[in-house]
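Here this note's numbering is used: position 64 in the sequence shown is 70, and no number is missing along the way. To start, the structure under review is shown below, and the notes come after it.
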Amino acid sequence: MRTPLIAGNWKLHKTPREAVAWFTDFRAALADHPHDRIEVALGVPATHLPGLAPLAGPAGVALAGQDLSRHDDGAHTGEIAGAMLADAGATYVIVGHSERRADHAETDAVVRDKVAAARRAGLTPILCIGEVEAERDAGRAEAVVLDQLRAALDGLEADADCAALVVAYEPVWAIGTGRTATADDAQTMSAAIRGALREARPALADDVRILYGGSMKPANAAELLAQADVDGGLIGGASLDVDALLAIVDAGQAAA
Ligand code: PGA
Numbered sequence: 007m008r009t010p011l012i013a014g015n016w017k018l019h020k021t022p023r024e025a026v027a028w029f030t031d032f033r034a035a036l037a038d039h040p041h042d043r044i045e046v047a048l049g050v051p052a053t054h055l056p057g058l059a060p061l062a063g064p065a066g067v068a069l070a071g072q073d074l075s076r077h078d079d080g081a082h083t084g085e086i087a088g089a090m091l092a093d094a095g096a097t098y099v100i101v102g103h104s105e106r107r108a109d110h111a112e113t114d115a116v117v118r119d120k121v122a123a124a125r126r127a128g129l130t131p132i133l134c135i136g137e138v139e140a141e142r143d144a145g146r147a148e149a150v151v152l153d154q155l156r157a158a159l160d161g162l163e164a165d166a167d168c169a170a171l172v173v174a175y176e177p178v179w180a181i182g183t184g185r186t187a188t189a190d191d192a193q194t195m196s197a198a199i200r201g202a203l204r205e206a207r208p209a210l211a212d213d214v215r216i217l218y219g220g221s222m223k224p225a226n227a228a229e230l231l232a233q234a235d236v237d238g239g240l241i242g243g244a245s246l247d248v249d250a251l252l253a254i255v256d257a258g259q260a261a262a
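Structure follows, in structure tokens:
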């Protein structure tokens, strides 16, 4: 009932030209990897979207921005609006990634506004939530994650906007560290997230996709993706490598 989403997150890597060369290789190889039961997306710097868009569409790969302004337009130097990402070829946008929460002091209120801005632009937000290590050690992981979720949901009034949401559970201690949450941990938190969604929007909770992110790689993808409430992955490091991303696409297709 939920189509799994395998989404790469390139972060601050590659130039636009390197991205086109990478994608050309990826597209050729992807043709030999059935992916009709899943969606594949790539989160790239905004500068890469115009070059990738003509290639990604025919390959059946969606593009995602990695951040957007909470404003639609105006005097906001350096910002990129949701409508600009959409016009450049994105259909998704990552919102509230822990690196932005940490490096750019993005608060829950800013994340809420960005989720709403994404929907105004017709983009599907991939809302990132996750606890830091000290919060997990203190037994507060679930409370922290659900608080982040509820804060973001405040920005979405219409049911259609909620239904379009993708949630990515990304334990911060697992991002880029090589440490992965166990499949049990990922399932337990994803089930808690779905429970909170059900409280907020009873009719929609079963439609919202919940991804796992944090050192997902070919060696652990199958086990994580087999969990009942894990509907895909948000993949950083491994998404820069054609073969690694293809192996995760295979795992997603097998789990679907
Ligand atoms: P990682 O990053 O796969 O490199 O841990 C995941 C993310 O930050 O989305």
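Quick reminder that beta carbons are idealized off the backbone N, C-alpha and C, glycines included. Note that the coordinates shown come from a computational prediction; the quantities given were computed from them, not determined experimentally.
Judged by their CB atoms, leucine 61 and valine 99 are not nearer to each other than the 9 Å cut-off.
Taking 8 Å as the cut-off, one finds at least one heavy atom of the ligand PGA near enough to the beta carbon of cysteine 134. The residues Arg8, Pro10, Arg215 and Ile216, in chain order, have a CB closer than 6 Å to that of aspartate 237 in the same chain once the five nearest residues on each side in sequence are set aside. The criterion of a C-beta distance shorter than 9 Å is not satisfied by isoleucine 12 and isoleucine 181.
Boundaries of the alpha helix (DSSP H) harbouring glutamate 148: 147 to 159, taken from the DSSP string. For methionine 222, the closest alpha carbon among the candidates Ala244, Met90 and Ala234 is that of Ala244.
Looking from the CA of proline 131, the closest CA among Asp119, Asn226 and Pro56 belongs to Asp119.
With contact defined as three or more Cβ pairs closer than 8 Å, the stretch 17 to 24 and the stretch 50 to 69 are in contact.
Assignment of arginine 215 by DSSP, reduced to helix, strand and coil, places it in the strand class.
Secondary structure within the stretch 196 to 241: the beta strand (DSSP E) runs of 3 or more consecutive residues, fully enclosed, are 215 to 219 and 238 to 241 (chain order).
Ranking Leu48, His110, Cys168 and Ala122 by CA distance to the CA of glycine 161 puts Ala122 first. Counting other Cβ atoms within 10 Å of its Cβ, threonine 188 stays below 16 and is therefore classed as exposed. Where leucine 171 is concerned, there is no enclosing alpha helix (DSSP H), because DSSP gives it neither an H nor an E. DSSP, reduced to helix, strand and coil, places glycine 66 outside both helices and strands of the structure shown, so it counts as coil. The C-alpha of arginine 200 is placed about 10 Å away from the C-alpha of threonine 194. The shortest C-alpha to C-alpha distance from alanine 234 to any of Pro224, Ile241 and Asp212 is the one to Asp212.
Taking C-beta atoms under 8 Å as the contact rule, leucine 91 and leucine 133 fail to qualify, at a distance of about 16 Å.
Note on geometry: alpha-carbon atoms of histidine 82 and valine 50 lie some 21 Å from one another. Non-local beta-carbon contacts of arginine 106 in its own chain, meaning distances under 8 Å to residues more than five positions away in sequence, involve Asp73 and Glu112 in chain order.
Cβ-Cβ distances below 6 Å link histidine 41 to Val255 and Gln259 in the same chain, with the five nearest sequence neighbours on each side left out; the list follows chain order.
Here the C-alpha atom of glycine 84 lies approximately 20 Å from the C-alpha atom of alanine 115. The criterion of a C-beta distance shorter than 9 Å is satisfied by valine 150 and glutamate 137.
Rounded to whole angstroms, threonine 30 and alanine 197 show a C-alpha spacing of 37 Å.
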